[in-house]
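Peer 1: Let me give you the structure first, and then I'll get to my questions.
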Amino acid sequence: MTDRTFEDHNYGTIGGLFDTAPWAAKAGRAQDFLAHLRAESEHADANLGYVIGYGDEDSRRLMYEAFDLAHPMVGGRP
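Add 26 to the 1-based position in the sequence shown for our numbering, that's all there is to it.
Here's what the structure looks like:
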């Protein structure tokens, strides 16, 4: 596991990212978290957009809107 944290939330695994992304969206910190991810990788938008696509419909809607992203392969928002 990679030790990657944002405000005491470890997102170094897919499970950790699934926990941290909705937390950031609900806490009004989505853009801060996205900026943090962008500083680590030029692929942050595509990677996060892809992972969000695995959530349930309500989670996807919340996170795509909060992060202002779309799925990198199918585009659009649910």
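By construction, the Cβ of each residue, glycine as well, lies at the ideal position given by its N, Cα and C atoms.
Helix, strand or coil for Met27 per DSSP?
Peer 2: On the sequence shown, position 1 is the one that residue 27 refers to. Note that Met27 scores a pLDDT of 49, beneath 50, so its modelled location is shaky; the value from the coordinates is reported in the next line. Met27 falls in the coil class under three-state DSSP.
Peer 1: Under a three-way DSSP split, which group does His69 fall into?
Peer 2: Position 43 of the sequence shown, counted from the start, is the residue given in the question as residue 69. Reduced to three states, the DSSP call for His69 is coil.
Peer 1: What does the alpha-carbon distance come out to for the pair His97 and Gly79?
Peer 2: The count along the sequence shown starts at 1 and reaches residue 97 at position 71. The count along the sequence shown starts at 1 and reaches residue 79 at position 53. Near 6 angstroms, if we compare the C-alpha coordinates of Gly79 and His97.
Peer 1: Taking the alpha helix (DSSP H) that Thr46 belongs to, which residues open and close that run?
Peer 2: To locate residue 46, count along the sequence shown from 1; it is residue 20. Residues 40 to 52.
Peer 1: Could you check what DSSP says for His97 in three-state terms: helix, strand or coil?
Peer 2: As a position in the sequence shown, residue 97 is number 71, starting the count at 1. DSSP places His97 in coil when its eight states are reduced to three.
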